[in-house]
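Going by the working numbering, the sequence shown opens with residue 254, and the numbers climb by one from there. All residues carry an ideal CB built from backbone N, CA and C; glycine is no exception. Keep in mind it's a predicted model, so treat the numbers as computed, not measured.
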Amino acid sequence: MHELNYRLAVAPMLHLTDRWFRYCVRMLTKHTVLYTEMLTVNTLLHTDPQPFLFFDPIELPLVLQLGGNDPKTLAHCAKLAESWGYSAVNLNVGCPSDRAQAGGFGACLMLQPELVAECVATMQATVTIPITVKHRIGIDHQDSYAALAHFIELVSQAGCKTFIIHARKAWLSGLSPRENRQVPALDYAMVYAIKQNFPALKIIINGGIKDLQAASSHLSSVDGVMIGRAAYDNPWLLAQADSYIFDKPAFDLTRQELIQRLIPWIQQEVSKGIPITRITKHLLGLFYGQPGGRLWRRCLSENAYMSGGDPAILQDCYAACSLK
């Protein structure tokens, strides 16, 4: 079984980490682990899976995140993922949304560690790629270290060797998914303690990590770091990931050169019937924090849909905003 280098990963984010975002990000970093949006087992079982599972090989290493609670159907979907060439499968045990709760998956599964263990064991027995779990440090008032350690012990015994831990608990009522990413207090120390007490496991920390410097500061205590919204809002921060985090050759293009490199690919996608805005929305943050960055965002968001699918709109906005 090939183990991934999880020193840095971009979190699965619904409606954000689609294949167009992942392609753009892969232009910036070769080694950061990328994730799909969460896909429910029902989506893959009851519709044509091709539009959801298709990816460009350049996106690898790439992990498929699944939402579900039935061992057999999860195993079937894991087998699909393996046949499509995904690097690993991740089980979502962290989403607190009403939809996830109604479906019996996501964060509410932390109350059923035996079921999660059964899901992992069945999936891992079906495929040769790794099965991993992403979860919270707890939910509602079940947020003790003992409960978290019990969860990890049971699930690791079932075959999971990599845990991505969002260092916040989840409230299953009273908070929206967005508030659940911000309101519950971060407890990095609890994640560090898990690594200390389960040294053979790969422990990846997630939650509130805004840049590569912050990511690097965690790597003395855990095996890897997952960045979410910060990487989406400011994708250029990943341009230094290969050198700063992985000690590999750095990305050496300017933003303008990146735009020029993306244009032929965007033309190909548009020729297949993909609306150009499906792609350009992922580039709105390309000049985050830079002079002219707000003008770039406004120019691209207001004009891309009127461009007739011509990716030259990127160069036009670049020139109009006097960006460097």
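Query	Result
Exposure of I391, with buried meaning 16 or more beta-carbon neighbours within 10 Å	Note that residue 391 is Gly in the sequence shown, not Ile. By the 10 Å Cβ count, G391 comes out buried.
Cβ pair V408, A353 closer than 7 Å	no
Span separating the alpha-carbon of R431 from that of N295	24 Å
Given L506 as reference, the closest of F274, R279, S350 and E256 once Cα atoms are compared	R279
Local conformation of Q318 per DSSP, three classes	strand
Cβ-based burial, F540 [other Cβ within 10 Å; buried from 16]	buried
Limits of the unbroken beta strand (DSSP E) element including E290	L287 to T293
Contacting residues, own chain, Cβ-Cβ under 6 Å from Y445 (five flanking each side not counted)	S474
S560 beta carbon less than 7 Å from that of I566	yes
Whole-angstrom distance between N450 and A557, CA atom to CA atom	51 Å
Residues that DSSP places opposite T296 in a beta bridge	Paired residue(s): none; T296 is not in a bridge.
F307 to W337 span [Cα, whole Å]	8 Å
Touching by the beta-carbon criterion (3+ pairs, under 8 Å), the stretch 412-429 and the stretch 453-464	yes
Neighbourhood of I512 by C-beta distance below 7 Å, restricted to the same chain and skipping five residues each side	L567, Q568 and Y571
Simplified DSSP state of Q543, which is helix, strand or coil	coil
Start-to-end residues for the alpha helix (DSSP H) that takes in N450	Y441 to N450
Assigned exposure category for P383 - 16 Cβ within 10 Å defines buried	buried
Simplified DSSP state of K422, which is helix, strand or coil	strand
Minimum C-alpha distance to I529 - residue among V386, S554 and R508	S554
Which of helix, strand or coil DSSP assigns to L344	strand
Backbone secondary structure at I384 - three-state DSSP	strand
Beta carbon of P488 nearer than 7 Å to that of G538	yes
Neighbourhood of H394 by C-beta distance below 7 Å, restricted to the same chain and skipping five residues each side	none
Through-space distance from F358 to S350, alpha-carbon basis	10 Å
L364 to R389 span [Cα, whole Å]	11 Å
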